[in-house]
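Notes follow once the structure below has been shown.
Numbering (our numbering), first residue to last: 279 to 941.
This is how it looks when you write it as structure tokens:
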């Protein structure tokens, strides 16, 4: 999760269609963090398979049940083995200027942001320009990768971060209602017991400011800032076979070289702004949720239009509605959503989570989705209709992502999935009082959880407010944006002062392709991925030696609790580099045949689920016109993927070509 991709000039905005139908000297041993010995030991400690039952999460909770996620849990046995760029500012359009303007780099900075921009961050020439490794992005992935490279392996490493502070996604995503949909005690690094003991989360699902404080705490706790260079956007990275080094140039012209280049740019970090005629003529302000102004937006007395009702839009609607004079929601695709039932964490639960950290870690690393619960080993048809409804009711009351864990076959059996879908549609009709609005919101055209399954805090209830209206873009698509608002094909002009684009991202590939990455013989990554992303394990691309892509396409990534997937990738990369250095090897590259076999396996894993049936999902790249329709994440499950990666290592890094550079 690294620096997200935004720009300050309208001509650089990548507009996409909106229609109905991105070896220098080594560190001395004495510079290593004093906490690393505990970290290194903790990450290899064997843990029990299950945890004790947790106490209530929040003051309003009375119990917790053993529950589960189900993506890939009962796949057939599958064998394998023998947009817009961001420049440290928010994306907005100021009515007074009629153009894109930069806000948030210097204006309205919080105390946290002021803290991170201190002299402890690395400067462009702090330690020269040649490194053992360069890391792009200072989010969850980049911070931990730096720690492993520098303090465990003793390499010279530098992180290049486009933003004005660490945090990656959580530095940029400040939109109203922004919070995590993984439970806070699981949305954490688990490589260090000491770090787990140090930090206390305040609520079940943490908000963006708390997550950002956590990542700043990590940067301070492990003294990472001295090797992180902020406000530095990478423009190009070219591999030179003559010296076996990556040559990196930033947008400001600074140049660096490194043996290893590691991208930690995040899966959801390249904003997707729809190509709607007339946007440049709009007299009001407009914003994308992925580049929200750091000083916030005042909706009081404003007529607001929100385009998009995915996970982000579902979080934003209730918050915007609470202060706006009027909110008009423009919905193209109706979505399922489960109540979050968010609440402050009790002291009892906090103590339980710390005491059971080893078991929680083991559970997350051994299940399908990296969450702190296991899958119920029952089919939706192992119980009676009445029993099944009671199970769904209990899961609805409990809230959160565990709902989809109620039965093991919800993502592999359409009939089983239909039972959950019908239950959730009925809940929408029960919550939303206006039958017309309820009908639009419940007109969902894809199986449950085949798109990213949102959780919410009062989303459907917001449509009971007098100041919230709903426009069905399937029935009346947007025709154009006018100076005064949005006009739909029925001729109605919806007057607006502010437009909010909650239209998501060019997921998984956009942030990488926004950088001019060129491999062996000048091969552009964009050309290599012209027909869709092709990787080996989501870690490497054939033709791009010594380039590692953390949570890249072809890995579980977005189908997982992200910190779990990130830790696995970071540690695999660090172990790989350690293996190479111990043997005098200096170059590693995925073999083309291994890439081909892995792509086939990724497709096979996806086809064993219902996930491809959501034909307009960003998992397939379908939200970006012209993007190849390829199922990008690995749907075989995190536990299975972890075993595959370990097997590749055990067989001598099977599928990779490792060699000693002759120079």
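From the three backbone atoms N, C-alpha and C, an ideal C-beta is built for every residue, glycine too.
Bear in mind that the values here come from a model prediction, so they are computed numbers and not experimental data.
| field | Straight-line Cα distance separating residue 660 from residue 725 | value | 20 Å
| query | Does the Cβ-Cβ distance between residue 536 and residue 687 come in under 8 Å? | reply | no
| request: Return yes when the C-beta of residue 535 is under 7 Å from any heavy atom of the ligand SAM, and no when it is not. | output: The ligand SAM is absent from the structure shown, which contains no ligand whatsoever.
| field | Selection from 502, 559 and 787 that minimises the alpha carbon distance to residue 417 | value | 502
| message | Taking the straight line between their C-alpha atoms, what separation do you get for residue 939 and residue 867? | response | 12 Å
| query | When we look at the beta-carbon of residue 926 and count the other beta-carbons within 10 Å, is it buried (16 or more) or exposed? | reply | buried
| request: Compute the distance between the beta-carbons of residue 933 and residue 880, then report whether it is under 8 Å. | output: no
| said: Please return the same chain residues whose Cβ sits closer than 7 Å to the Cβ of residue 453, not counting the five positions on each side in sequence. | reply: 567, 570, 590 and 594
| Taking all protein chains shown into account, do 16 or more other C-beta atoms lie within 10 angstroms of the C-beta of residue 403, making it buried, or fewer, making it exposed? | Residue placement at residue 403 is flagged as unreliable, the pLDDT there being 45, under the threshold of 50; a coordinate-derived value is accordingly withheld.
| Under a Cβ-count criterion, where at least 16 other Cβ atoms within 10 Å of its own Cβ denotes burial, should residue 459 be classed as buried or exposed? | buried
| request: Give the C-beta separation of residue 674 and residue 617 to the nearest angstrom, bearing in mind that I take them to be a contact with Cβ-Cβ under 8 Å. | output: 7 Å
| request: Would you check if the distance between the CB atom of residue 332 and the CB atom of residue 627 is smaller than 8 Å? | output: yes
| Between the C-alpha atoms of residue 521 and residue 781, what's the straight-line distance to the nearest angstrom? | 43 Å
| field | Span of the beta strand (DSSP E), counted from its first residue to its last, around residue 516 | value | 512 to 518
| query | To the nearest angstrom, how far is it from the Cα of residue 874 to the Cα of residue 814? | reply | 8 Å
| Exposed or buried, residue 562, counting other C-beta atoms within 10 Å across all chains shown (16 or more means buried)? | buried
| task | Ignore the nearest five residues each way along the sequence and tell me which others in residue 556's own chain have a CB closer than 7 Å to its CB. | result | 758, 759 and 760
| field | Close beta carbons around residue 638, own chain, < 8 Å, minus the five adjacent residues each side | value | 329, 463, 464, 468, 631 and 650
| message | I'd like the span of the alpha helix (DSSP H) that includes residue 419, first residue to last. | response | 418 to 425
| task | Spell out a yes or no on whether the segment 818 to 828 and the segment 797 to 810 are touching, meaning 3 or more CB-CB pairs, one atom from each, closer than 8 Å. | result | yes
| So what does DSSP say about residue 521, is it helix, strand or coil? | coil
| query | Which residue spans inside the segment 598 to 661 form an unbroken beta strand (DSSP E) run of at least 3? | reply | 604 to 609
| query | For the 8 Å Cβ check, are there 3 or more pairs between the segment 507 to 522 and the segment 439 to 448? | reply | yes
| Pick from 523, 543, 622 and 407: whose alpha carbon is nearest that of residue 423? | 543
| residue 756 vs residue 560 beta-carbon contact at 8 Å | no
| query | Out of 420, 431 and 789, which has the shortest C-alpha to C-alpha gap to residue 858? | reply | 431
| task | Drop a sphere of 10 angstroms on the beta-carbon of residue 478, count the other beta-carbons inside from all chains shown, and report buried for 16 or more, exposed for fewer. | result | exposed
| field | Whole-angstrom C-beta distance between residue 728 and residue 888, which should lie under 8 Å | value | 5 Å
| Can you list, in chain order, the residues of its chain whose CB lies under 7 Å from that of residue 620, leaving out five sequence neighbours each side? | 481, 482, 483 and 735
| query | Using DSSP with H/G/I as helix, E/B as strand and the rest coil, what is residue 555? | reply | coil
| How many angstroms separate the CA atom of residue 609 from the CA atom of residue 715? | 11 Å
| What's the C-alpha gap between residue 615 and residue 655? | 24 Å
| Skipping 5 residues on each side, what residues in its chain have a beta carbon closer than 6 Å to that of residue 936? | 863 and 866
| message | Can you give me the C-alpha to C-alpha distance between residue 876 and residue 519, rounded to a whole angstrom? | response | 26 Å
| request: Round the Cβ separation of residue 605 and residue 745 to the nearest angstrom and send it over; I've been treating them as touching at under 8 Å. | output: 6 Å
| request: Give me the Cα-Cα distance between residue 793 and residue 516, rounded to the nearest whole angstrom. | output: 10 Å
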